[in-house]
Amino acid sequence: MKKIHFIALSIAAMVNPSIATGLPICKSPLTKQMKRFEKIEFTIPRKAPSGMLKEYAAKLEILCPWQLEMDLNGDKQNDWVGIIHRKGQFELVAYLSANKKFSLQVLHQYQFFPEQNLLRIVRNQKFKKNVYGSIKYNLQEISFDSDSRVYSFEKGKMKVIKQYVEKIKKKENKKELEIRNKNEIKQLLQHRKRHPF
Numbered sequence: 022m023k024k025i026h027f028i029a030l031s032i033a034a035m036v037n038p039s040i041a042t043g044l045p046i047c048k049s050p051l052t053k054q055m056k057r058f059e060k061i062e063f064t065i066p067r068k069a070p071s072g073m074l075k076e077y078a079a080k081l082e083i084l085c086p087w088q089l090e091m092d093l094n095g096d097k098q099n100d101w102v103g104i105i106h107r108k109g110q111f112e113l114v115a116y117l118s119a120n121k122k123f124s125l126q127v128l129h130q131y132q133f134f135p136e137q138n139l140l141r142i143v144r145n146q147k148f149k150k151n152v153y154g155s156i157k158y159n160l161q162e163i164s165f166d167s168d169s170r171v172y173s174f175e176k177g178k179m180k181v182i183k184q185y186v187e188k189i190k191k192k193e194n195k196k197e198l199e200i201r202n203k204n205e206i207k208q209l210l211q212h213r214k215r216h217p218f
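Okay, here's the thing in structure tokens:
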């Protein structure tokens, strides 16, 4: 059984190099389109999750925690949000569609790569409407070592509607830290089951 398991992993590594190298390969046609039509030079950082983010990403089976692609403004076209590197700095950008036209918006800038940040979608409880339809989702940027933010689509742009810091006990022994981490992961998994998207 161990031999079969090893062979399966070897084949998977050949098919998907990211398994062998530990670096996820996250590609999207929208990033190529963004380079072509916005005429900007940038790179998509290839990083492997570490620390708390690594544990969350493994539990939720997230290969690309620093980018996502889906319809954010209800016009039935995929949008792209992710962290790019250009002109010597890291930026969280949104490439948003609107009536078959795309626009680029810088949501946040970082001095260093935000290694402990995770991008995910949360349901928009207010279900705001625009000319394209109902806006069902908000963008959430969870940070395990800095400010966390929630962005919502308003008047053609993504805006911060909430900014907060996770309160962590200053004095926490190893056992307490492990318990807290497990509880947080459990809560996130339960939330994912209730709200798949």
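This note's numbering puts the sequence shown at residues 22 to 218. Think of the CB as a built atom: it goes at the ideal place given N, C-alpha and C, for glycine as much as any other residue. Note that the structure is a prediction, hence the values are computed from the model and not measured.
Mind reading off the beta-carbon distance from Ser164 to Asn138? Whole number of angstroms is fine, and I expect it under 8 Å.
5 Å
Within 10 angstroms of its Cβ, does Ile61 collect 16 or more other Cβ (buried), or is it exposed?
exposed
Please classify Arg144 as buried or exposed, where buried requires at least 16 neighbouring CB atoms within 10 angstroms.
exposed
Span separating the alpha-carbon of Phe58 from that of Leu51
10 Å
Would you decide whether Ala115 is buried or exposed? Buried here means 16 or more other CB atoms lie within 10 Å of its CB.
buried
Where do the ends of the alpha helix (DSSP H) carrying Lys56 lie?
50-59
For Thr42, does the three-state DSSP call read helix, strand or coil?
For Thr42, the pLDDT reaches just 39, beneath the cut-off of 50, and the residue's location in the model is therefore unreliable, although a value from the coordinates is still provided. Reduced to three states, the DSSP call for Thr42 is helix.
Report the rounded CA-to-CA distance for Asn182 versus Leu160, giving the unit in angstroms.
It should be pointed out that residue 182 corresponds to Ile in this sequence rather than to Asn. Distance between the alpha carbons of Ile182 and Leu160: 10 Å.
Compute the Euclidean distance between the alpha carbons of Lys75 and Ala69, then round it to the nearest angstrom.
8 Å
For Ile104 and Met179, what's the separation of their Cα atoms in angstroms?
Cα to Cα, Ile104 sits roughly 15 Å from Met179.
Hey, how far is the Cα of Trp101 from the Cα of Arg141?
12 Å
Please list, in chain order, all residues of the same chain as His129 whose beta carbon is under 6 Å from its beta carbon, the five residues on each side excluded.
Leu113
Determine the DSSP secondary structure at Gly95, reduced to helix, strand or coil.
coil
In this structure, what does DSSP give as the bridge partners for Gly103?
Gln88, Val114
Rounded to a whole number of angstroms, what is the C-alpha to C-alpha distance between Lys122 and Asp166?
36 Å
Spatial neighbours of Gln110 within its chain, please: C-beta separation below 8 Å, excluding the five flanking residues on both sides.
Gln130, Tyr131, Gln132
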